[in-house]
Structures are given as C-alpha cells and as structure tokens.
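Asker: Quick note on my numbering: the sequence shown kicks off at 106 and runs consecutively. Each residue gets a CB set at the ideal place from its N, CA and C atoms; glycine is no exception. First the structure, then my questions, so here it is.
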Amino acid sequence: MSRIFKHDPDPLELKELFSSDEKCLKFLAEAKWKDGYVCRKCGNTNHCPGKTPYSRRCTKCKTEESATAGTIFHNCKFPVHKAFYIAWIVCKGKEEVSTYEFARRLSLRQMTCWNFKTKIRQALNEMDSLTENERESIQRIFQ
Ligand SMILES: [Zn+2]
C-alpha cells in the first residue's frame with residue numbers, strides 16, 4: 106500500500122482521481138514503476154503494454170502486471186475512482202464518514218463500502234511495521 110503514496114497529487118489532480126478510473130490507474134502505475142519496471146517473475150526490465158489500461162507485460166516471460174496489483178485497489182469490485190475517494194477520506198482521518206454516507210455519496214452498497222473501509226483500516230494497521238520514511242510519505246500525502 107505504501108508505494109501508492111510516494112507521489113503527491115495536487116488538489117486538481119485529486120479531483121480528477123476521484124472522478125476517473127483511468128486517472129487512478131495512471132496514478133497507480135506511475136507510483137508503482139516510478140523507479141523503472143522490473144518483472145516480478147523473471148526480473149526483466151523490458152515491457153510492452155498489457156491488456157488492461159496502464160498494465161505492463163514482460164517482453165520475456167509475458168507475465169502481465171496490472172496497475173492495481175500489490176495495492177489495496179487490487180480486485181476491487183467497484184470503480185477504482187470511488188475506492189480512491191474512500192481511501193483518501195479514511196487515511197486523511199479529518200472527516201469521519203460513515204459507510205452509509207460513503208454509500209450515499211458514491212452510489213454504492215453500504216456493505217461494499219464497509220468491506221473496503223475495513224480493508225483500508227487493516228492496511229493502515231499494518232503500517233505500524235513500516236519504516237519511518239514510508240510512514241512519513243503516507244502522512245505527507247494525506248494531510
Ligand atoms: Zn518476466
């Protein structure tokens with residue numbers, strides 16, 4: 106999860122992230138491969154575009170990695186820009202938004218919001234095991 110937050114979006118970029126799946130995937134891909142692409146399977150550094158937007162496919166072993174793989178947005182059952190919105194509010198921690206309220210704002214089922222919110226909370230708890238630097242970069246973006 107931490108790797109998502111190394112890149113700081115400005116307010117305008119945030120607004121776009123909250124309304125466009127494509128922008129979210131682009132954001133995730135940029136954050137994930139900021140230091141260059143390395144295939145998780147074989148270590149190859151050459152890639153070509155994958156099947157889904159902003160995914161990358163290893164030119165050697167053909168393993169494809171999506172922009173969301175390895176992040177809390179992986180296997181998300183609803184639009185990723187809505188998940189981004191929930192993640193932002195929960196992590197930012199300044200506004201207490203109930204899962205009912207998330208459901209209303211995003212036109213999602215309350216249970217869907219509850220499940221995702223729980224997932225974020227768990228990820229945040231796991232952050233206790235992160236290094237000081239990683240934690241700082243997360244706090245910086247969500248303030
Ligand atoms: Zn490979």
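1) Considering R210, what are the terminal residues of the alpha helix (DSSP H) in which it resides?
2) Given that a residue counts as buried once 16 or more other Cβ atoms are within 10 Å of its Cβ, and exposed if not, what is L117?
3) Only counting the same chain, and skipping five residues up and downstream in sequence, which positions put a Cβ closer than 8 Å to that of E121?
4) Reducing DSSP to helix, strand and coil, say where R145 ends up.
5) Roughly how many angstroms lie between the CA atoms of F247 and T164, to the nearest whole one?
6) Residues in the same chain with beta-carbon distance under 8 Å from K224, minus the five sequence neighbours each way, listed in chain order, please.
7) Hey, would you say the C-beta of C129 is under 6 Å away from at least one heavy atom of ligand 1?
8) Should K222 be counted as a contact of ligand 1 given a C-beta to heavy atom distance under 6 Å?
9) Under the rule that 16 or more other beta-carbon atoms within 10 Å means buried, what is S171, buried or exposed?
10) Write down the C-beta distance between C181 and A188 rounded to the nearest angstrom, noting that I regard them as a contact closer than 8 Å.
11) Using only the alpha-carbon positions, how far apart do Y205 and W193 sit?
12) I need the DSSP call for K111, collapsed to helix, strand or coil.
13) Along the alpha helix (DSSP H) that carries P158, what are the first and last residues, could you check?
Answerer: Looking at the coordinates:
1) Here residue 210 refers to the residue found at position 105 of the sequence shown. Under the DSSP assignment, R210 falls in the alpha helix (DSSP H) whose first and last residues are 204–211.
2) The sequence position of residue 117 within the sequence shown is 12, counting from 1. Note on L117: under 16 other CB atoms within 10 angstroms of its CB, so exposed under the neighbour-count rule.
3) For the purposes of this step, residue 121 is taken as the residue at position 16 of the sequence shown. Hits under 8 Å: K128.
4) Position 40 of the sequence shown, counting from 1, holds the residue named residue 145. Looking at R145 - three-state DSSP - the assignment turns out to be coil, as it is neither helix nor strand.
5) Your numbering for residue 247 matches position 142 in the sequence shown. Your numbering for residue 164 matches position 59 in the sequence shown. Residue confidence is low: F247 scores 48 on pLDDT, short of 50, so the model does not pin down where it sits. Its coordinate-derived value is still stated next. A straight-line Cα-Cα distance of about 36 Å links F247 and T164.
6) Along the sequence shown, one-based indexing puts residue 224 at 119. Take K224, set aside five residues on each side of it, and the residues of its chain with a beta-carbon closer than 8 Å to its own are I177, in chain order.
7) For this step, residue 129 is matched to residue 24 along the sequence shown. For C129, the Cβ stays outside the 6 Å cut-off from all heavy atoms of ligand 1.
8) Counting from one through the sequence shown, the residue named residue 222 turns up at place 117. Checking the Cβ of K222 against ligand 1 gives no.
9) Working through the sequence shown from its first residue, we reach residue 171 at position 66. It counts as buried.
10) Locating residue 181 in the sequence shown gives position 76, counting from the first residue. Locating residue 188 in the sequence shown gives position 83, counting from the first residue. 5 Å between Cβ atoms; contact.
11) To locate residue 205, count along the sequence shown from 1; it is residue 100. To locate residue 193, count along the sequence shown from 1; it is residue 88. Approximately 17 Å between the Cα atoms of the pair.
12) Taking the first residue of the sequence shown as 1, we reach residue 111 at position 6. Here K111 scores only 49 on pLDDT, less than 50, and its place in the model should not be relied on; the value that follows carries that caveat. Here K111 sits in helix by DSSP.
13) For this step, residue 158 is matched to residue 53 along the sequence shown. If you look at P158, you'll find it isn't in any alpha helix (DSSP H); DSSP assigns it neither H nor E.
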